[in-house]
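Presented below is the structure to which this report refers.
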Amino acid sequence: MSWNDSMIKQAKKIIKMYPQKRSAIGPLLHLAQSKDGYISDDSTAVISELVGITEVQVKSVSTFYSMYKQEPTGKYLLSVCKSISCEINNSKEIIDVVKDFTGLNNNETDENDLFTFEAVECIGACGGAPAMQINYETVEGLSSENTIKLCEWLKKEQPDVIIAEEMQDNFGGTKSFDWAIKDQSGTTGSVPGFQTFNTTKEKK
Amino acid sequence: MSESIKINVNGNQIESAPNKLLIEACEDSGIHIPRFCWHKRLDPVGMCRMCLVEIETPRGKMLVPSCTTEVTDEMVVDTESEVVKKAQEGVLEFLLINHPLDCPICDKAGECPLQDQTMAYGPGESRFVEEKRHFEKPISISEIILLDRERCILCARCTRFSDEISGDPLIEFIQRGNKTEVNTFPNEPFKSYFSGNTVQICPVGALTSTSYRFKARPWDLKSVRSTCNGCPVGCSTELNSSQNKMLRILGIDNDSVNQGWLCDKGRYNFEYLNSEFRLKTPLKKLDNEFMETSIKEIYTELSDLISDSNTNINFLIGTNSTNEDYVAFNEFAKNFPSTNQTFYLNDDYLYAGFFEKGINRATIDDLNNSEAIVIWSEDLKENLPVLYLRVRQAVKNGAKLIVFGHSNSTLKDIADFYYSDDIVSENFEIIKDISKLKGIKEHVKDKNVTAIIGKSTPYQLDENLDKLVSYLVENSNSKIMNAFSSGNTFGAINNLDNVKNLRDFTKNVSAENTDLLFVVGSDPIGRSVFSNEIHRIIQDIDNVVCLDLFLHETSELGNYIIPTSSTLGEKEGTFTNIEFRTSRIDKLVPSPGQSLSDWEFISGLSNFCNFNNNIDSLDGLNELAYQDFDDQDSPSFKNLDKPSNFDGIINDYQPNISTELNENLTSKYFVGKKLYGDNITIRYSDSISLLGAKQFIEASESTIEKLNLSSGECTLKQNGHNVSANYVVNNKLADGVIFIPQNRRNFNRFDFSETIEISPNQSKEALNVN
Amino acid sequence: MKETLLLTKHMRENPEDSHLIDSYEKNGGYETARKTLINGSPENVLEEIKVSNIRGRGGAGFPTGVKWGFLAENEDRYLVINADESEPGTFKDRILLERDPHQLIEGIIITCFAANIENAFIYIRGEYAKPARRVQDAVDQAYQKGYLGKNIFNSEMNLDLVVHLGAGAYICGEETALLNSLEGRRGEPRLKPPYFPAVKGLYMKPTLVNNVETISSVPWIMENTGKEYNKLGVEGSTGTRIFSLSGHVNNPGNYEIEMGSSFGEFVESLGNGIRNNKKVKAYIPGGASAPWFRGDQLDIKMTIDDVANNNSMLGSGAVVMMDEDTNLVNAAKSIVSFFAHESCGQCTPCREGTTWLEMILDRVASGRGRASDIDLLLDVCDNISPGLSWPPKMTTICPLGPSAVSPITSLMNDFREEVESLIPTKVLL
Ligand SMILES: Cc1cc2nc3c(=O)[nH]c(=O)nc-3n(C[C@H](O)[C@H](O)[C@H](O)COP(=O)(O)O)c2cc1C
Ligand code: SF4
Ligand code: FES
C-alpha cells in the first residue's frame, strides 16, 4: 500500500465516523485526490482494501461523480459555470477567455500542471452570474477583463491557499448574496477545502 | 400454494400468488411482457424500462415497470394500451440509437432478445442521425470472456449476477449517464468461477466467450438436455452442437438444483471432446510400445485370461461413468466371487460415517428452509461450485452460516461463525467442546439445520467428523449432505455393491493378488495423493486394461487400452447427484473412431466369456439399476423422460461403503483441490487449459513472510522431487496454514505427511547456468 | 413589498459573525432546543410542525409533519439533511449553511428529538467547500458545548452529526440517490416502491430526508408555535420562503418572503426590475426542472398551488428571469445539457433520450436543424414523459429525465416561431 501511515490513520478515523465502512468511500476518495490530484489506480486499491470491496466497485463509485478526477489535475482547477443563469449572463465569454488564457479545452491540464480547465454545471452562484470556482472557491460577478486578471494573478503569484473572499474582492463583482464575513481560510490543492481532508488552510 | 389473488390483465381475470411481481404473474398466465433487465433469478432493478405497463390507480392510469411492481388484489392492468406500446417502441428506439447493429458478425444474432424484440415491438427505422457512441471493439476481460461495450444495453444483469449471486463483483458500471459502460478494473480481470453465466444471461452480444466466438449460428445448432457430470451437484445443462461438434453448454433453470447457473469448468470443459489426442482405436502394448489392435483381439486375449472364476480381478473405477456403466461392471464382477465385488473408487477418501443410521439426508433445497447451515467439507467453491452459490443464496435469505475448518475461506466473508485457528487445529482436529461454541449454542442447538459434511483432505481423522455429526444428530433437527467432490460418485456408490477408496487400494491391491486390473476412466497417478504407491502397484501388475479418453500417466501403464465415449455428450444414461437425485445424461455428438461406452465394452467382453449376464442393452441396464425401486419413484428412463421429472428424481437408497479408517494419516499442510486442475480433460480444452496449469501455493501474508518468500516465486522440494510454483497471498487463511492444491501437475507426488521444503526461487540467471 | 425575516433574521442583524456559536447564542440560539429537550415531548414537536403546515423546501413541497409521521418504528433511524442544492438557479441553502449553520443544527437537534433519532448526517454538495467548512466548524463548536454528542443539554438524548461531502452529482439531491451516495455507492435513485426512505432508507433503516431550509425553519416554529407560522403566507403555502432570484434582474439575490405575492411584484420591488428596463420574455418559476412562464404571466402568485395550477412548479424556489433579448433555444439547450450531464444513466429513456435531445437542440441552435426536428424533439420528449402533461407522467424511475422535457415543451408551446426561425429549410411539415 502506498498511502503513508498518516494518511492511513486519517482514513481509519474517517471510516469510524460512519455506521458502515462503505459510507466512507466518498470522503476517502476526496482524501486520495488531495494526495495526487486525481484518483490513481493505486489509491483505488488502497480504498478497496480499507473498506473491503473490490477495486472495480470503488472505481464504479469514483467515476460516477464528476469531482473525482480520473486524470491528474493542475494546481488550480478552474471551473467555469455554464448553467442557465450563467448561460444567459454570458458565461460563454468567460469560458472563452479562460480557454484562451490557458490554451486548454474542456477537462485538459496544461504542461506545467498549473491549470486544469472545465466548464461545469451550476455551482450555486446564480445570483452572481457569471461565476466560476478556483479549487471550489467561488468568485462571482465576473467580467472578461477581471477573469483574465484573475488568471494572470494565479499564474504569477501561485498562491498556495485559495481564498474566495480574496478573489472576490480583487476580481469579482455582483454577489449572490452578501457574504458579510471576511474569511481568511481557503483551499489547498484542487479539491474541496475541508478539515477532514486536511485541505483547508488559514492564510498566514 | 396457500392463497391466491385475482388481477385483471387486458380485460381477463388471472390468478396469482400474492407478492409476485406483475411481470412474473403475467408470464405464468401466458402473457408475455417484453423485458431486458429483469431476470427471474436476480433482484429487480427496473432500469431498462421495457416492461412498462399501465395500471389503474385512484389518480388515473399510471405507467409502471411490471418487473418491480407487486401484484395486489383486484389490480387492473393493461399491457397493450397505446401508451404502453408507444413507451415500448420508445425504449427500443433509445436502446438502438447507440447500438452498433452489427448482427451479421454477432454471436448472439438469432437468439438475441434485442433483435427479437425489435422485430416485435420496435420502430421501423431509426431517426437518429448523429454519431453513435464508440468503444474499442471486444476487449478481453479474462482468459475466457470478451466484452463489446458498444453492444451493451446496460441492463445490469452481469453486474448483478456477480454481486448478488456469485459474490465476486469484478464487473461493474463505470462512469454515469450516457457515458456509462460496463467494465472491469485494469489490474483485476473478471476472474470468476462463474463468469460464463454472465455470457448466458447477457441479452445482447456484449459478453461472449472465447470458446464459442464465431463458431456457429443458433439456427444451425442441435441441442439436447443433459446433466453435467463435472461434480456431484449435477447441474441441468443444454448441450449445443453444430456439424457433430460440441460447441457450447448452457445452464438450464432446474429450480431444485442449479437454477440456471453453471460453473465455468462445467460450461467450458468440453473442448477436449474434439481434441486430436483422443484415443480412437484399441491399443495393445508389445515390448513397451502401443500397437493398434482390434477390439475383438483384446476380447479374445482377455477371455483367455479370465479362464475360470478364480482369476483375481480388481477394479479401479472412475467417477465419470454413467449409472448404467456401473451396473454393467457390477454385474460383470459377480462372476468373480473371489474379488468380493470390491470396487476401488478413484477418490482419495470417502466418508463412510455419513451412511450410518440416524442421519437424515439433505437436499439442496433444504438449505433454503433451514435456520442454520453448518459446513465442514472441502472448499465448496472449488469443488461443488453451484452448491456454493446455493449456500450464498440461503444465507442471503436469512440462514446463519457456521463454517468449520481451514477450507471454505471464500465463505468467510458471509459466515456468521468461522471456526478455524483455535477451534480446529492445523490437523483438522476439533480442539474445543462443540456444544460450548457460541454459534452452535445460539443457532444450531434445537434448530433446523442443514449440514454439509465431508473431508477436506484424506489426512483428517473420521472421528472429528463423527463428533460433529453425532452432535448434530443428537442436538438439532438436522439434515446432512455428504460433500464428496467428484463426478458421479453417488451413482457409483449407488450401483456398485461394495465401494472402497484409493487408500484402501494401496493397502489391499498388489501384483500378488491381482491377475487382471481394470482401470476405468481414472488417472489416480495424475491426481491422487497416493500417486507414488499406486504407480508402484499398477506397474507390477501383469495385465492392466484401461478404458479411457486419453493416454495419461495412468493409462500409459495399461497393457490394453480401450477408447471410450465421453459421458459428456457422447452417450446416454443416468447420473446421480449429491442429494441422490438421478437425472438424464444424453447424447448429442458421435464419439471418435472405435470408442465404446464402458458398458458396451464390458458387455462385449462378458459375451466373449460366455457369462450369463443380462447387460447387453442400455435399457436393460437401466431397468437393472432401478429394479429395487417402486415403479413410481424409480428414476428409470421411462420415468425420467416425463417432462415433470426432467429435473430428476431423488431416491433413498442406502449404499455400502466400507473404507478403512485412515488411522494416523496426518498432514503438515492444508491439501485440497482447486476448481481448475491439471486433469486430462482440462489439459485438452484449450480455452481453459492454462487456468489449470498454473502451479501455486497459498498462505497468509505473515506466513509468507515467515517463509522468507518475496519474489512471487518459490520452489517446493522433497526427496529429490522439485516443483517450482508461485505463491498467492490469501489472508483468509489462518496464520501458519499453507494451502497446497493437490490437483496441479506433480503436486500430488509430495508426501504431505512429511515436511516439504519451501524456499525462495533461485534467480533466473542462476537457473540458466545449470 | 417587504421581506419577512424568520430564517435570515439573525444573519441580517449580525453580518459579522452570524455563523459563530457565540453570536447565535447571544441572540437566543439553542434556547428553543434546550427547552424542547428538557420540557417538551416528541409528540408536541410533531404537533407543532403539523399545525405550522410547513411544506418541504427541497422541491417536492410535501407536508413536513405528514412525512415525519410516516417514519417507521425501528431501533435505528436516521435523519439526513439534503444540502445537495444543485438545481440550476438555486442558491438559498448556500446562504443558510454559510451564514447561519447553528440554526440548522438546532433544527436538527429538535427534529431528532421529535423522531427519536441518534444519528444524523448533513449531505452537502462537494462544490460547496466553504459552506461545508462553516457547517463543520459549527458542528465542532456544538460538540464542544455539549449540544451534540452524549446527553445533550444534560438531557437523556444522544445525537451524532456527521458532515458528509458529495462529489459533483446533481442526482444526489434526489433523496434515494442521496442515500445510496451516503452509503458509498453510485448516486442512483432507488425504486419507490419498495425503497421509501421512511421505511427502507439509509442502510435500509427508516430515514427522514429533509431540506436545509425545511429543518432551519424548525427552531422558529418551536419558538413561536406552529400556529404563528401558519398565519404567515397563504393557505397551502404557509410561512416564509427564501427565493433565489437570478437572471436579467437588477438586484439578484436571496429574498425571504411570505408566499402569496405575484412574481411581477417580487421582481419589480425586491429584484428592482429587469436590467436596462427590458421586458421579460420568459421566466423559470422554480428551478431548471420547472416549465417556464411567459413574460405576460408575471401576475401568477408565488404559491405552491398557484404555480401548479398554471402547469409548472414552485420547486426549489429559484426564479430565473430571461429578458426579451434572450436566445431561448440556447437557454433550453443549456438546461437540457444539464440534465443529460446529470442523468445517472439507469433508465434507458433518460440516459439515451436526454443526450439525444441535447444533440438535436445543438443542431437546431447552430442552424443545422431539419424541418422534422421539431416533431422529433417533441416525440423524443413524449417517450420520456408520455403525453407531455403536467405534472409529468414518466417512463423513468425518477423525475430527472422528465425534467429535461420541461424547457422543450415550454419552448414549443410558447416560442415555437423562435425555434422555427432557426431551421434553414422553410418548408415546414
Ligand atoms: C432530480 C432531483 C433533484 C433534487 N435535488 C434536491 C436538492 O438539491 N435539494 C433538496 O433539498 N431536495 C432535492 N430534491 C428533492 C428531494 O428528493 C426530497 O424531496 C427533499 O430533499 C425532501 O426534503 P423536504 O421535504 O424538506 O423538501 C430533488 C429531487 C429530484 C427528483
Ligand atoms: S430518470 Fe434519469 S436520473 Fe432518474 S433514475 Fe432514471 S436515469 Fe437516473
Ligand atoms: S425488465 Fe422491467 S425495467 Fe427492465
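These protein sequence lines are chains A, B and C, in that order. Position 169, counted from 1, in the first sequence is what this note's numbering calls 509; the numbers after and before it change by one each time, with no gaps. Position 267, counted from 1, in the second sequence is what this note's numbering calls 294; the numbers after and before it change by one each time, with no gaps. Position 15, counted from 1, in the third sequence is what this note's numbering calls -1; the numbers after and before it change by one each time, with no gaps. Each residue gets a CB set at the ideal place from its N, CA and C atoms; glycine is no exception.
Along the chain, which unbroken stretches of the beta strand (DSSP E) at least 3 residues long are found entirely within the region 592 to 650 of chain B? 600 to 603, 608 to 612
On a CA-only basis, which of B:64, B:71, B:36 is nearest residue 54 of chain B? Give me that one, please. Along the second sequence, read from residue 1 onward, the residue named residue 54 of chain B stands at position 27. The residue with the shortest Cα to Cα distance from residue 54 of chain B is B:36.
Comparing the C-beta of residue 120 of chain C with each C-beta of chain A, is any distance below 8 Å? Counted from its first residue, the third sequence places residue 120 of chain C at position 136. Yes, contact with chain A.
Would you say residue 399 of chain A lies against chain B (beta-carbon separation less than 8 Å)? Within the first sequence, residue 399 of chain A is the residue found at index 59, counting from 1. Yes, its Cβ sits closer than 8 Å to a Cβ of chain B.
Based on the DSSP output, what are the partners of residue 575 of chain B in its beta bridges? Here residue 575 of chain B is taken as the residue at index 548 of the second sequence, counted from 1. Note: residue 575 of chain B sits in a beta bridge opposite B:590.
Please specify which runs of the alpha helix (DSSP H), each continuous and at least 4 residues long, are wholly inside the region 96 to 144 of chain C, giving them in chain order. 113 to 129
Would you mind reading off the limits of the beta strand (DSSP E) that contains residue 477 of chain A? Residue numbering aside, residue 477 of chain A sits at position 137 when the first sequence is read from its first letter. Where residue 477 of chain A is concerned, the enclosing beta strand (DSSP E) stretches over 477 to 479.
Taking the beta strand (DSSP E) that residue 333 of chain C falls in, what are its first and last residues? By 1-based counting over the third sequence, the position of residue 333 of chain C is 349. Taken as a continuous stretch (DSSP letters only), residue 333 of chain C belongs to no beta strand (DSSP E), being part of the alpha helix (DSSP H) at 332 to 349.
Touching by the beta-carbon criterion (3+ pairs, under 8 Å), the region 356 to 371 of chain A and the region 199 to 213 of chain B: no
Determine the closest residue to residue 511 of chain B out of B:671, B:599, B:460, B:376, with distance taken between C-alpha atoms. Position 484 of the second sequence, counted from the first residue, corresponds to residue 511 of chain B. Of the candidates B:671, B:599, B:460, B:376, the one whose C-alpha sits nearest the C-alpha of residue 511 of chain B is B:376.
If you draw a straight line from the alpha carbon of residue -4 of chain C to that of residue 125 of chain C, how long is it in whole angstroms? What you label residue -4 of chain C is simply residue 12 of the third sequence in a count that begins at 1. What you label residue 125 of chain C is simply residue 141 of the third sequence in a count that begins at 1. Their Cα atoms are separated by approximately 21 Å.
What residues in the region 165 to 197 of chain B have a beta carbon less than 7 Å from any beta carbon of chain A? 196, 197
Proximity below 8 Å, CB of residue 169 of chain B to CB of residue 216 of chain B: Sequence index remark: in the second sequence, residue 169 of chain B carries index 142 (1-based). Sequence index remark: in the second sequence, residue 216 of chain B carries index 189 (1-based). Contact: yes.
So with CB distances below 8 Å, who are the chain C contacts of residue 74 of chain B? Within the second sequence, the letter at position 47 stands for residue 74 of chain B. The answer, in chain order, is 330, 331, 332, 381.
Quick one: which residues of the region 363 to 392 of chain A get their C-beta closer than 9 Å to a C-beta of chain B? List them in chain order. 381, 384, 385, 388, 392
Whose Cβ in chain B lies nearer than 8 Å to the Cβ of residue 324 of chain C? Here residue 324 of chain C is taken as the residue at index 340 of the third sequence, counted from 1. Chain B residues near residue 324 of chain C: 204, 205.
Write down the C-beta distance between residue 33 of chain C and residue 217 of chain C rounded to the nearest angstrom, noting that I regard them as a contact closer than 8 Å. Here the question's residue 33 of chain C lines up with position 49 in the third sequence. Here the question's residue 217 of chain C lines up with position 233 in the third sequence. About 15 Å; that fails the 8 Å criterion.
Would you tell me roughly how many angstroms separate the C-alpha atoms of residue 723 of chain B and residue 248 of chain B, rounded to the nearest one? The residue labelled residue 723 of chain B in the question sits at position 696 within the second sequence. The residue labelled residue 248 of chain B in the question sits at position 221 within the second sequence. Whole-angstrom Cα-Cα distance: 39 Å.
For residue 407 of chain C, the nearest candidate out of C:347, C:391, C:6 (CA to CA): Within the third sequence, the letter at position 423 stands for residue 407 of chain C. When only C-alpha atoms are compared, the closest one is C:347.
Kindly list, in the order they appear in chain C, the residues whose Cβ is closer than 7 Å to that of residue 359 of chain A. Position 19 of the first sequence holds residue 359 of chain A. The contacting residues are 103, 187.
Coil, strand or helix - residue 53 of chain B by DSSP: The residue labelled residue 53 of chain B in the question sits at position 26 within the second sequence. Correct three-state label for residue 53 of chain B: helix.
Where does residue 471 of chain A fall in DSSP's three states? Residue mapping note: residue 471 of chain A aligns to position 131 of the first sequence, counting from 1. The answer is coil: DSSP assigns residue 471 of chain A none of H, G, I, E or B.
Drop a sphere of 10 angstroms on the beta-carbon of residue 318 of chain B, count the other beta-carbons inside from all chains shown, and report buried for 16 or more, exposed for fewer. Translated into positions along the second sequence, residue 318 of chain B becomes position 291. With fewer than 16 Cβ atoms within 10 Å of its Cβ, residue 318 of chain B is classed as exposed.
Completely contained beta strand (DSSP E) runs for the region 472 to 527 of chain A, where each covers 3 or more residues: 472 to 474, 477 to 479, 525 to 527
I'd like to confirm something about residue -8 of chain C: is its beta-carbon nearer than 7 Å to some heavy atom of ligand 1, or not? Taking the first residue of the third sequence as position 1, residue -8 of chain C is located at position 8. No, ligand 1 has no heavy atom inside 7 Å of this Cβ.
Closest by C-alpha distance to residue 573 of chain B, when choosing among B:527, B:484, B:329, B:276: If you number the second sequence from 1, residue 573 of chain B lands on position 546. Residue B:329 is the option with its Cα nearest to residue 573 of chain B.
So, helix, strand or coil for residue 546 of chain B, using DSSP? One-based indexing of the second sequence puts residue 546 of chain B at position 519. Residue 546 of chain B falls in the strand class under three-state DSSP.
For residue 517 of chain A versus residue 93 of chain C, is the C-beta spacing smaller than 8 Å? Counted from its first residue, the first sequence places residue 517 of chain A at position 177. Counted from its first residue, the third sequence places residue 93 of chain C at position 109. No, they are not a contact pair.
Presumed contact (8 Å Cβ cut-off) between residue 189 of chain B and residue 219 of chain B, rounded CB distance: Start at 1 with the first residue of the second sequence, and residue 189 of chain B comes out as number 162. Start at 1 with the first residue of the second sequence, and residue 219 of chain B comes out as number 192. Rounded, the Cβ-Cβ distance is 6 Å, consistent with contact.
Using the Cβ count rule (16 or more neighbours within 10 Å means buried), how would you classify residue 276 of chain C? As a first step, residue 276 of chain C must be located in the third sequence, where it is residue number 292. Its Cβ being crowded by 16 or more others within 10 Å, residue 276 of chain C is buried.
Whole angstroms are fine: how far does the CA of residue 508 of chain A sit from the CA of residue 478 of chain A? The sequence position of residue 478 of chain A within the first sequence is 138, counting from 1. The sequence position of residue 508 of chain A within the first sequence is 168, counting from 1. Taking the straight line joining both Cα atoms gives about 8 Å.
I'd like to know whether the C-beta atoms of residue 305 of chain C and residue 251 of chain C end up nearer to each other than 8 Å. The sequence position of residue 305 of chain C within the third sequence is 321, counting from 1. The sequence position of residue 251 of chain C within the third sequence is 267, counting from 1. A contact, by the Cβ cut-off of 8 Å.
When the Cα of residue 721 of chain B is compared with those of B:714, B:460, B:704, which residue comes out closest? Position 694 of the second sequence, counted from the first residue, corresponds to residue 721 of chain B. Selected option, being the one with the closest Cα: B:704.
So, does the CB of residue 374 of chain C fall closer than 8 Å to a CB anywhere in chain B? The residue given as residue 374 of chain C occupies position 390 in the third sequence. Not closer than 8 Å to any Cβ of chain B, the Cβ of residue 374 of chain C fails to qualify, so no.
So that I know if they touch, is there some Cβ in chain A lying closer than 8 Å to that of residue 236 of chain C? Taking the first residue of the third sequence as position 1, residue 236 of chain C is located at position 252. Residue 236 of chain C counts as touching chain A.
May I ask you to list, following chain order, the residues of the region 83 to 109 of chain B that have a beta carbon less than 7 Å from some beta carbon of chain C? 90, 95
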